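Peer 1: Pasting a structure below so you can have a look.
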Amino acid sequence: MNLPSGAERAPDRLQADPPGDAKLVWDLPVRIGHWALLAAVLGAYITHRLGLAWYAVHVWCGYVVLVLVAARIVWGVVGTRHARFASFVRSPASTWRYLWSWRDGTTARYAGHNPLGAYMVVVLLLLLLGIALSGLFANDQIANTGPLYGYVSGALSDQLSGWHQRLFQVLEIAVGLHVLAVLGHRWLRHEELIGPMISGKKPAQWLRPGDAINSSRIWLALLIVLLLALGLARLVATAPPASLSIF
Amino acid sequence: MIKRSLRALGALCLPLAAAWALVTTLPAAAGNTAPTAPPPAAAPAPAPAPESGPSAARQMVEYRQAVMIIMRSNFAPLVGMATGKIAFDPATAQLRADRVAMLAAMVPDGFVEITKDEKSRARLQIWTNRAGFDGHAKDLVTRAEALAKLLKADATQPDNFLHAVQAVGGTCDDCHDDFRSR
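Chain order of the listed sequences is A and B. Just add 7 to the spot in the first sequence (first one is 1) and you have the working numbering. Just add 9 to the spot in the second sequence (first one is 1) and you have the working numbering.
Okay, here's the thing in structure tokens:
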């Protein structure tokens, strides 16, 4: 077998596939994590807009984001095949080649993340991590303080609150690009990416032998989430009480 | 006997007196080498500040920052009561709300143009978009007064207490978004 490496994963035309031909690519933790993150970020945004009274819920959304992102990062090391950073983060050169191949439609399809999407995954995770972490120490200048506010000075808290805001503005742009890219795959290449992020399955004809995964390792994922959540709970519970008011 | 004891007392007094004299004259002697102690600080100077000490502009910044600190310390308990974090107490709520309403009117005082170049988180837009700034300030007064009035009208926790508190907090947010940098 002497196939050029590009050819072996370049089945270009996607036919409508019988569902039976789809194979599992995204494990359940990745899928649940993805949509739960979306829900938590939306929840955090909405509760922020709703004002002071919703602050407690906003904080809980932040906890969910933090645990999910941290778990996803751990999962990127110990998770299933396509969830691992090592399997999807590629060199800038091959990312550029991938981008360039869109020009003439010879783009290879990927069972997991494509090279450009891989960078977006990393960017989104880092942004969410930064936003959630800075939120722990933030204050709203009016009445509410983040759960770990008591650990930092007021000036540092102000700075971190600024980053909490600024990073969210960057996140809005990144999420916009992420959604545009998914729609671009759908409209320009007839490649459906949303379905697989729900069902976990991609058509067998896109996949090379060995691309499909056998198990979601759900118990391992649950254990990771549980440990991270307990760690965060302990951190928050032992934080010194703090308030913007001296009364 | 008495004479002798008096003499002894005198003998004791002499070194004491000498010591006392030494102690009282020493600072004066030291004063010859060290700079003389400054005269007691004058009462806070009005607008044109003395050459040392904070400038008039700096004093204005400190004044308005103080107003903000007092403001948030009086407002935060209201938020706590409105969101159920602390128990509602009519007297405390009324007191805090009255103070917030009083302070609200003081907010724009310190944002005078001479403070433009002072180091603070105030954005320059305060002076380039004064109407916008004053609009927020006016909203704050209106809503803070509405909150105080609401509590006066109803000693128990009024139904729209949370709503009224949120309205005040909203103006803080709006103004900070536009005119305060992080």
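Built from N, CA and C at the ideal position, the CB exists for glycine as well. Please read these numbers as outputs of a predicted model, since none were measured by experiment.
#1: The alpha helix (DSSP H) that contains Leu132/A, what's its start and end?
#2: Measure the CB-CB distance between Ala181/A and Ala29/A and report whether it falls below 8 Å.
#3: How many Å lie between Leu171/B and Leu136/A at the Cα?
#4: Are the region 230-237 of chain A and the region 71-79 of chain A touching by the rule of at least three beta carbon pairs closer than 8 Å?
#5: Give, in chain order, every residue of the region 226-254 of chain A whose Cβ lies closer than 7 Å to some Cβ of chain B.
#6: State the DSSP-derived secondary structure class of Asn151/A, mapped to helix, strand or coil.
#7: So that I know if they touch, is there some Cβ in chain B lying closer than 8 Å to that of Phe157/A?
#8: Per DSSP, Arg224/A forms a beta bridge with which residues?
#9: Have a look at Tyr105/A and Arg81/B and give me their C-alpha separation to the nearest angstrom.
#10: With DSSP as the reference, identify every bridge partner of Lys128/B, one or two as the case may be.
#11: With three or more beta-carbon pairs closer than 8 Å as the criterion, would you say the region 115-127 of chain A touches the region 165-179 of chain A?
#12: Do Gly157/A and Ala249/A have their C-beta atoms closer together than 8 Å?
#13: Tell me whether Arg110/A sits in a helix, a strand or coil according to DSSP, three-state version.
#14: Can you pull the chain A neighbours of Ser222/B, defined as C-beta to C-beta under 7 Å?
#15: For Leu171/B, which residues in chain A fall below 7 Å Cβ to Cβ?
#16: How far does the alpha helix (DSSP H) with Lys208/A in it extend, from its first residue to its last?
#17: Spell out a yes or no on whether the region 84-93 of chain A and the region 54-68 of chain A are touching, meaning 3 or more CB-CB pairs, one atom from each, closer than 8 Å.
#18: CB-CB under 6 Å to Ile225/A, same chain, minus the five flanking residues each way: which ones, in chain order?
#19: Our contact map puts Met69/B next to Val121/B with C-beta atoms below 8 Å; I'd like the distance itself, whole angstroms only.
#20: Is DSSP giving Asn169/B helix, strand or coil here?
#21: Please classify Arg97/A: does DSSP put it in a helix, a strand, or coil?
#22: Tell me which same chain residues have a C-beta within less than 7 Å of the C-beta of Val76/B, skipping the five on either side of it?
#23: Check the DSSP bridge columns for Asn146/A and list the partner residues they point to.
#24: If the cut-off is 7 Å on Cβ atoms, which residues from the region 141-171 of chain B count as contacting chain A, listed in chain order?
#25: Reducing DSSP to helix, strand and coil, say where Lys5/B ends up.
#26: Cβ closer than 7 Å: which chain B residues qualify as neighbours of Asp165/A?
#27: Using only the alpha-carbon positions, how far apart do Arg20/A and Asn221/A sit?
#28: Is it the case that the region 135-146 of chain B contacts the region 84-94 of chain B, given that we only count it when at least three CB pairs across the two stretches are under 8 Å?
#29: Between Ala27/B and Glu127/B, what straight-line distance do the alpha-carbon atoms span, to the nearest angstrom?
#30: Determine which residues share a DSSP beta bridge with Arg189/B and list them.
#31: Check whether chain B comes within 8 Å of Ile138/A, counting only Cβ atoms and requiring the distance to be less than that.
#32: I'd like the span of the beta strand (DSSP E) that includes Phe29/A, first residue to last.
#33: Measuring only the C-alpha atoms, how far is Leu214/A from Val32/A?
#34: Check whether chain B comes within 8 Å of Ile53/A, counting only Cβ atoms and requiring the distance to be less than that.
#35: One question on the structure: do Ile149/A and Asp182/B come within less than 8 Å of each other, judged by their Cβ atoms?
#36: Once DSSP output is grouped into helix, strand and coil, what is the label at Ser82/B?
Peer 2: From the atom records:
#1: In the first sequence, residue 132/A corresponds to position 125, counting from 1. Start and end: Pro122 to Leu143.
#2: As a working note, residue 181/A is residue 174 in the first sequence. As a working note, residue 29/A is residue 22 in the first sequence. Not closer than 8 Å, so no.
#3: Sequence index remark: in the second sequence, residue 171/B carries index 162 (1-based). Sequence index remark: in the first sequence, residue 136/A carries index 129 (1-based). Straight-line Cα distance between these residues: approximately 32 Å.
#4: yes
#5: Ser250, Leu251, Ser252, Ile253 and Phe254
#6: For the purposes of this step, residue 151/A is identified with residue 144 of the first sequence, where counting begins at 1. Asn151/A: coil per DSSP, three-state reduction.
#7: One-based indexing of the first sequence puts residue 157/A at position 150. Reading the sequence as shown, one finds Gly at residue 157/A and not Phe. No - not a single Cβ of chain B is within 8 Å of the one on Gly157/A.
#8: Indexing the first sequence from 1 puts residue 224/A at position 217. Arg224/A is not bridged to any residue.
#9: Start at 1 with the first residue of the first sequence, and residue 105/A comes out as number 98. Start at 1 with the first residue of the second sequence, and residue 81/B comes out as number 72. Roughly 54 Å between the two C-alpha positions.
#10: In the second sequence, the residue the question calls residue 128/B occupies position 119. According to DSSP, Lys128/B bridges with nothing at all.
#11: no
#12: The count along the first sequence starts at 1 and reaches residue 157/A at position 150. The count along the first sequence starts at 1 and reaches residue 249/A at position 242. Yes.
#13: Mapped onto the first sequence, residue 110/A falls at position 103. Here Arg110/A sits in coil by DSSP.
#14: This structure gives no information on residue 222/B, because the portion of chain B shown stretches from 10 to 191.
#15: Position 162 of the second sequence holds residue 171/B. Correct list: Ala60.
#16: Counted from its first residue, the first sequence places residue 208/A at position 201. Not the alpha helix (DSSP H): Lys208/A falls in the beta strand (DSSP E), residues Lys208 to Pro210.
#17: no
#18: Indexing the first sequence from 1 puts residue 225/A at position 218. Leu35.
#19: By one-based count along the second sequence, residue 69/B stands at place 60. By one-based count along the second sequence, residue 121/B stands at place 112. Indeed, because the Cβ distance is near 6 Å, the residues count as touching under 8 Å.
#20: Taking the second sequence and counting its residues from 1, one reaches residue 169/B at position 160. Coil.
#21: Here the question's residue 97/A lines up with position 90 in the first sequence. Coil.
#22: If you number the second sequence from 1, residue 76/B lands on position 67. Cβ within range, chain order: Leu112, Met115, Val116 and Gly119.
#23: Locating residue 146/A in the first sequence gives position 139, where the first residue counts as 1. In the DSSP output, where bridge partners are listed per residue, Asn146/A has Thr152/A.
#24: Leu171
#25: Residue 5/B falls outside the range modelled here, since chain B spans only 10 to 191, and no answer is possible.
#26: As a first step, residue 165/A is located in the first sequence; it is residue number 158 there, counting from the start. Correct list: Arg191.
#27: Here residue 20/A refers to the residue found at position 13 when the first sequence is read from its first residue. Here residue 221/A refers to the residue found at position 214 when the first sequence is read from its first residue. In this prediction, Arg20/A has a pLDDT of 42, which is less than 50 and means its spatial position is unreliable; nothing more can be read from the coordinates.
#28: no
#29: As a position in the second sequence, residue 27/B is number 18, starting the count at 1. As a position in the second sequence, residue 127/B is number 118, starting the count at 1. With a pLDDT of only 46 at Ala27/B, under the threshold of 50, the placement of this residue in the model should not be trusted, and no figure is reported.
#30: What you label residue 189/B is simply residue 180 of the second sequence in a count that begins at 1. Paired residue(s): Ala131/B.
#31: Locating residue 138/A in the first sequence gives position 131, counting from the first residue. Chain B, which has no Cβ nearer than 8 Å to the Cβ of Ile138/A, makes this no.
#32: By one-based count along the first sequence, residue 29/A stands at place 22. The sequence shown places Ala at residue 29/A, not Phe. Note, Ala29/A: beta strand (DSSP E), Ala29 to Leu31.
#33: Here the question's residue 214/A lines up with position 207 in the first sequence. Here the question's residue 32/A lines up with position 25 in the first sequence. C-alpha separation (whole angstroms): 9 Å.
#34: Here residue 53/A corresponds to residue number 46 of the first sequence, with the count starting at 1. Chain B contact via Cβ: absent.
#35: The residue labelled residue 149/A in the question sits at position 142 within the first sequence. The residue labelled residue 182/B in the question sits at position 173 within the second sequence. Closer than 8 Å, so yes.
#36: Within the second sequence, residue 82/B is the residue found at index 73, counting from 1. Residue state, collapsed to three classes: helix.
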